[in-house]
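*Asks:* One structure, pasted below without further comment.
Number of protein chains: 2
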Amino acid sequence: MRCVGILGGMGPQATILLMQKVLDAVPADDDADHIPLLVDQNPQVPSRIRRLIEGTGDDPAPVLADMARRLVGAGAEALAMPCNTAHHYASAIRAAVKVPFLDMVDLSVRRAAELAGVDGRVGILASPAVRRIGLFDAPLARFGVQALYPEDEGAMLATIRRIKTAGPEPETASALRAASNGLLQRGAQVQMIACTEFSLLADATADGATAFDTLDVLVAAIKAFAVGDGASAGQ
Amino acid sequence: MRCVGILGGMGPQATILLMQKVLDAVPADDDADHIPLLVDQNPQVPSRIRRLIEGTGDDPAPVLADMARRLVGAGAEALAMPCNTAHHYASAIRAAVKVPFLDMVDLSVRRAAELAGVDGRVGILASPAVRRIGLFDAPLARFGVQALYPEDEGAMLATIRRIKTAGPEPETASALRAASNGLLQRGAQVQMIACTEFSLLADATADGATAFDTLDVLVAAIKAFAVGDGASAGQ
Numbered sequence: 004m005r006c007v008g009i010l011g012g013m014g015p016q017a018t019i020l021l022m023q024k025v026l027d028a029v030p031a032d033d034d035a036d037h038i039p040l041l042v043d044q045n046p047q048v049p050s051r052i053r054r055l056i057e058g059t060g061d062d063p064a065p066v067l068a069d070m071a072r073r074l075v076g077a078g079a080e081a082l083a084m085p086c087n088t089a090h091h092y093a094s095a096i097r098a099a100v101k102v103p104f105l106d107m108v109d110l111s112v113r114r115a116a117e118l119a120g121v122d123g124r125v126g127i128l129a130s131p132a133v134r135r136i137g138l139f140d141a142p143l144a145r146f147g148v149q150a151l152y153p154e155d156e157g158a159m160l161a162t163i164r165r166i167k168t169a170g171p172e173p174e175t176a177s178a179l180r181a182a183s184n185g186l187l188q189r190g191a192q193v194q195m196i197a198c199t200e201f202s203l204l205a206d207a208t209a210d211g212a213t214a215f216d217t218l219d220v221l222v223a224a225i226k227a228f229a230v231g232d233g234a235s236a237g238q
Numbered sequence: 004m005r006c007v008g009i010l011g012g013m014g015p016q017a018t019i020l021l022m023q024k025v026l027d028a029v030p031a032d033d034d035a036d037h038i039p040l041l042v043d044q045n046p047q048v049p050s051r052i053r054r055l056i057e058g059t060g061d062d063p064a065p066v067l068a069d070m071a072r073r074l075v076g077a078g079a080e081a082l083a084m085p086c087n088t089a090h091h092y093a094s095a096i097r098a099a100v101k102v103p104f105l106d107m108v109d110l111s112v113r114r115a116a117e118l119a120g121v122d123g124r125v126g127i128l129a130s131p132a133v134r135r136i137g138l139f140d141a142p143l144a145r146f147g148v149q150a151l152y153p154e155d156e157g158a159m160l161a162t163i164r165r166i167k168t169a170g171p172e173p174e175t176a177s178a179l180r181a182a183s184n185g186l187l188q189r190g191a192q193v194q195m196i197a198c199t200e201f202s203l204l205a206d207a208t209a210d211g212a213t214a215f216d217t218l219d220v221l222v223a224a225i226k227a228f229a230v231g232d233g234a235s236a237g238q
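In order, the protein sequences belong to chains A and B.
Numbered as in my numbering, the first sequence ends at 238 without a single skipped number.
Numbered as in my numbering, the second sequence ends at 238 without a single skipped number.
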């Protein structure tokens with residue numbers, strides 16, 4: 004099996020969730036059946052939200068590039084990053100190393116486009132930073148799909164910060180479900196959870212929405228790469 | 004904060020549990036408050052049980068030494084290993100790198116000796132491999148403490164293998180509690196969970212026993228090292 008390097012710590016709980024999902028994705032009789040990972044659990048990556056929304060703080064790009072180089076130096080044969088917002092810096096990661104980067108955003112856009120079809124709408128449950136940087140808009144538009152975002156950005160940001168501090172709670176799940184209901188009413192039948200903090204809240208999307216989690220898309224790509232099925236792993 | 008490298012994957016679920024415990028040990032307002040870890044989640048380390056009990060299979064020592072070197076090369080400033088049995092190879096790890104090795108066995112022996120006192124007995128809930136290699140016996144004897152082990156070794160081994168396959172279940176928790184009760188009846192008031200698979204079973208020790216988990220001892224040492232309180236981190 005091939006080892007996948009994880010640019011982690013954004014946040015650290017989401018990285019642990021990714022590792023648990025990778026473990027659960029493998030039917031195993033013994034340790035050796037499981038997928039090898041090299042995980043840089045680095046909670047000190049400069050805040051993406053602070054940099055992209057508030058315009059302050061250090062640039063995460065050189066830190067992420069350095070993490071990528073160190074992971075590859077230590078033996079990682081591909082890289083993955085369980086943080087949607089940080090994919091804004093994907094080009095810096097790609098430029099730093101020669102191994103494949105399993106791009107959660109690119110893979111999720113393809114999945115969303117398959118589900119929504121041409122002229123479809125996809126609701127994006129994410130940090131406001133994701134909308135401001137247009138992380139999904141142009142890639143979805145290439146498939147003829149329109150991205151919709153929750154109207155109350157302040158509530159989304161407060162929810163993410165609360166989850167980072169206190170873990171998943173009924174209140175934060177309610178806030179996410181309200182946002183999901185709003186998107187459904189505006190015509191976004193297909194929705195994606197595109198914030199790994201929201202991934203910690205199970206089943207918090209609207210009844211009637213066809214929702215998937217970008218983190219699960221990444222887990223499938225990690226598994227495909229590790230077991231050698233390169234064709235479905237993406238780049 | 005200083006980064007701790009984790010020789011992980013033995014088993015992978017126990018490594019995730021260690022990471023969760025490290026996360027939970029830090030009161031955090033934001034990601035950046037958390038402890039940085041570099042985790043080699045390597046489930047392909049040759050089986051310690053197969054090598055030490057059955058006398059077959061590859062030697063884990065050179066694999067662990069290589070993992071240690073790669074973690075330090077990638078930036079780890081100390082190393083820790085959430086697997087008691089694998090501490091049989093601690094000297095190979097120490098010889099491979101110059102950074103401190105936070106020794107879960109050494110730290111747990113000190114804790115057990117404090118609790119049991121001179122001429123005390125300590126019950127050790129562990130893999131049969133741990134008894135056969137005498138991992139705890141001589142270190143405990145130096146404090147005048149006697150190590151006691153569960154009588155039904157086959158049940159212990161079957162329980163570990165079942166947890167590695169299926170995760171924690173009521174049946175495996177019952178098997179562990181039966182072993183703990185047996186140790187208590189033989190005079191081991193103080194007991195330690197010295198198998199990271201057993202760490203996955205919460206509260207499965209006998210009522211009336213003073214039990215602690217070697218994994219929690221390691222978490223405390225990781226936290227102390229990371230925040231710079233080197234004196235209590237051990238070597």
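Positions of the beta carbon are idealized from the N, C-alpha and C atoms, including for glycine.
Rounding to the nearest angstrom, what Cα-Cα distance links A/Arg241 and A/Met84 in this structure?
*Replies:* Here chain A comprises residues numbered 4 to 238, so residue 241 of chain A is not present and cannot be evaluated.
*Asks:* Do you know whose CA, among A/Gln192, A/Arg189 and A/Glu200, lies nearest A/Ala178's CA?
*Replies:* One-based indexing of the first sequence puts residue 178 of chain A at position 175. It is A/Glu200 whose Cα lies nearest to the Cα of A/Ala178.
*Asks:* Count the other C-beta atoms from every protein chain shown that fall within 10 angstroms of the C-beta of A/Val193, then say buried if there are 16 or more, exposed otherwise.
*Replies:* Sequence index remark: in the first sequence, residue 193 of chain A carries index 190 (1-based). With 16 or more Cβ atoms within 10 Å of its Cβ, A/Val193 is classed as buried.
*Asks:* Using beta carbons (cut-off 8 Å, strictly below), is A/His37 in contact with chain B?
*Replies:* Position 34 of the first sequence, counting from 1, holds the residue named residue 37 of chain A. Yes - at least one Cβ of chain B is within 8 Å of the one on A/His37.
*Asks:* Just tell me which of B/Arg54, B/Ala116, B/Asp109 and B/Leu105 has its CA closest to the CA of B/Thr213.
*Replies:* Sequence index remark: in the second sequence, residue 213 of chain B carries index 210 (1-based). Out of B/Arg54, B/Ala116, B/Asp109 and B/Leu105, B/Ala116 has the C-alpha closest to the C-alpha of B/Thr213.
*Asks:* Counting only Cβ pairs nearer than 9 Å, list the residues of chain B close to A/Val66.
*Replies:* Numbered from 1 along the first sequence, position 63 holds the residue referred to as residue 66 of chain A. The contacting residues do not exist; A/Val66 stays about 12 Å from chain B at best.
*Asks:* With a threshold of 7 Å on Cβ separation, who are the neighbours of A/Ala150 within its own chain once the five nearest residues in sequence on each side are excluded?
*Replies:* Locating residue 150 of chain A in the first sequence gives position 147, where the first residue counts as 1. Answer for A/Ala150: Val125, Ile127, Phe139, Asp140 and Leu143, listed in chain order.
*Asks:* Tell me, please, whether the region 31-48 of chain B touches the region 99-118 of chain B by the rule of three or more beta-carbon pairs shorter than 8 Å.
*Replies:* Touching, no, given that fewer than three Cβ pairs across the two stretches are closer than 8 Å.
*Asks:* Roughly how many whole angstroms lie between the Cα atoms of B/Phe79 and B/Glu57?
*Replies:* On the second sequence, position 76 is the one that residue 79 of chain B refers to. On the second sequence, position 54 is the one that residue 57 of chain B refers to. The sequence as given places Ala at residue 79 of chain B; Phe does not occur at that position. Looking at the two C-alpha atoms, the distance is approximately 33 Å.
*Asks:* Beta carbons nearer than 7 Å to chain A: which residues of the region 10-27 of chain B have them?
*Replies:* Against chain A - using a Cβ distance shorter than 7 Å - the residues of the region 10-27 of chain B are Gly12, Met13, Gly14, Pro15, Gln16, Ile19, Met22, Gln23 and Leu26.
*Asks:* Classify A/Leu40 as helix, strand or coil using the three-state DSSP reduction.
*Replies:* In the first sequence, residue 40 of chain A corresponds to position 37, counting from 1. Looking at A/Leu40 - three-state DSSP - the assignment turns out to be strand.
*Asks:* Can you give the Cα-Cα distance for B/Glu154 and A/Arg72, rounded to whole angstroms?
*Replies:* Counting from 1 along the second sequence, the entry for residue 154 of chain B is found at position 151. Counting from 1 along the first sequence, the entry for residue 72 of chain A is found at position 69. Those two C-alpha atoms are separated by around 50 Å.
*Asks:* Identify which residue in A/Ala191, A/Cys86 and A/Val220 has its Cα closest to the Cα of A/Gly120.
*Replies:* Your numbering for residue 120 of chain A matches position 117 in the first sequence. Selected option, being the one with the closest Cα: A/Ala191.
*Asks:* For A/Val42, return the contacting residues in chain B, with the cut-off set at a CB-CB distance below 7 Å.
*Replies:* Within the first sequence, residue 42 of chain A is the residue found at index 39, counting from 1. Residues of chain B passing the Cβ test: Val42 and Gln44.
*Asks:* Can B/Leu74 and B/Ile225 be called in contact, C-beta distance under 8 Å?
*Replies:* Here residue 74 of chain B is taken as the residue at index 71 of the second sequence, counted from 1. Here residue 225 of chain B is taken as the residue at index 222 of the second sequence, counted from 1. It is not a contact, given that the beta carbons lie outside the stated cut-off.
*Asks:* Using a C-beta to C-beta distance shorter than 7 Å, which residues of chain B count as neighbours of A/Lys167?
*Replies:* Taking the first sequence and counting its residues from 1, the one referred to as residue 167 of chain A is at position 164. The answer, in chain order, is Asp33 and Asp34.
*Asks:* Check for me: the alpha helix (DSSP H) holding B/Val222 runs from which residue to which?
*Replies:* Sequence index remark: in the second sequence, residue 222 of chain B carries index 219 (1-based). Thr217 to Ala229 is the span of the alpha helix (DSSP H), which, as asked, contains B/Val222.
*Asks:* Going by beta-carbon coordinates alone, are A/Ser130 and A/Met159 separated by less than 8 Å?
*Replies:* For the purposes of this step, residue 130 of chain A is taken as the residue at position 127 of the first sequence. For the purposes of this step, residue 159 of chain A is taken as the residue at position 156 of the first sequence. Contact: yes.
*Asks:* Give the DSSP-derived three-state secondary structure of A/Met195 in the structure shown.
*Replies:* The residue given as residue 195 of chain A occupies position 192 in the first sequence. Residue state, collapsed to three classes: strand.
*Asks:* Which of helix, strand or coil does DSSP assign to B/Ala236?
*Replies:* Within the second sequence, residue 236 of chain B is the residue found at index 233, counting from 1. Note on B/Ala236: pLDDT 44, under 50, position unreliable in the model; the coordinate value appears next. Three-state result, B/Ala236: coil.
*Asks:* For A/Ala229, would you say it is in contact with chain B, using Cβ-to-Cβ distances shorter than 8 Å as the test?
*Replies:* Position 226 of the first sequence, counting from 1, holds the residue named residue 229 of chain A. Closer than 8 Å: no.
*Asks:* Distance, Cα to Cα, A/Pro103 vs A/Ser94?
*Replies:* Taking the first residue of the first sequence as position 1, residue 103 of chain A is located at position 100. Taking the first residue of the first sequence as position 1, residue 94 of chain A is located at position 91. Cα-Cα distance, rounded: 12 Å.
*Asks:* Could you give the first and the last residue of the continuous beta strand (DSSP E) run that contains B/Arg54?
*Replies:* Here residue 54 of chain B is taken as the residue at index 51 of the second sequence, counted from 1. No beta strand (DSSP E) contains B/Arg54, which DSSP labels as neither H nor E.
*Asks:* Give the residues of chain A in contact with B/Gly76, contact being defined as C-beta atoms less than 7 Å apart.
*Replies:* Translated into the one-based positions of the second sequence, residue 76 of chain B becomes position 73. Simply Gly76 and Ala77.
*Asks:* Going by the beta-carbon positions, is the gap between A/Pro46 and A/Gly14 smaller than 8 Å?
*Replies:* Here residue 46 of chain A is taken as the residue at index 43 of the first sequence, counted from 1. Here residue 14 of chain A is taken as the residue at index 11 of the first sequence, counted from 1. Closer than 8 Å, so yes.
*Asks:* Applying a beta-carbon distance threshold of less than 9 Å, which residues of chain A neighbour B/Arg5?
*Replies:* As a position in the second sequence, residue 5 of chain B is number 2, starting the count at 1. Those within 9 Å of B/Arg5 in chain A number zero; the least Cβ separation is about 11 Å.
*Asks:* Quick one: using the 10 Å Cβ neighbour count with 16 as the cut-off for buried, is B/Pro30 buried or exposed?
*Replies:* For the purposes of this step, residue 30 of chain B is identified with residue 27 of the second sequence, where counting begins at 1. Result: exposed.
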